[in-house]
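Let me begin by presenting the structure, written as structure tokens, before commenting on it.
Residue numbers (the working numbering): 1 to 147.
Structure below.
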């Protein structure tokens, strides 16, 4: 039998039964009671904005997991590049995968000399740093189109 929750509007006596899936019910079910009814959840303490296969958070229990691994374990036993690989690929890399991944990442971290000489040095001396940063990030794609 499917799990459900029944919500009764005491103002009208109208009720709606809503399915619960993985501990969640859609707030849009409230529209059946009253199209103008909304839920208010300050700080989103009881609101799941999406379903994620990457991150699991239970703030009350102090749980934070990435791809099923506790954050404490990743912080103590994994490198930055191992965690980046995990987030993108779903599993921690084996030795060969880590070797290739490390090569690929470090191969693309060198910034082309023309980026500084022709692009960054072209900004006015008092240009806002955020505008320079955004422009530089956009320009990097033209130096490494294969990435």
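Ideal Cβ placement from N, Cα and C applies to all residues, glycine included.
Figure out for me which residue from 107, 98 and 136 has the closest Cα to the Cα of residue 114.
In the chain shown, the residue the question calls residue 114 occupies position 114. Closest by alpha carbon: 136.
Which term fits residue 125, buried or exposed, when burial requires 16 or more other beta carbons within 10 angstroms of its beta carbon?
Position 125 of the chain shown holds residue 125. By the 10 Å Cβ count, residue 125 comes out exposed.
Just to confirm the assignment: which complete alpha helix (DSSP H) runs, minimum length 4, are found wholly within the stretch 25-102?
71-77 and 80-89
On a Cα-Cα basis, can you pick out the residue from 108, 117 and 129 that is closest to residue 146?
Start at 1 with the first residue of the chain shown, and residue 146 comes out as number 146. Closest option to residue 146, Cα to Cα, is 108.
Give the C-beta separation of residue 63 and residue 69 to the nearest angstrom, bearing in mind that I take them to be a contact with Cβ-Cβ under 8 Å.
Sequence index remark: in the chain shown, residue 63 carries index 63 (1-based). Sequence index remark: in the chain shown, residue 69 carries index 69 (1-based). Not quite, the Cβ-Cβ distance comes to about 12 Å (not below 8 Å), so this is no contact.
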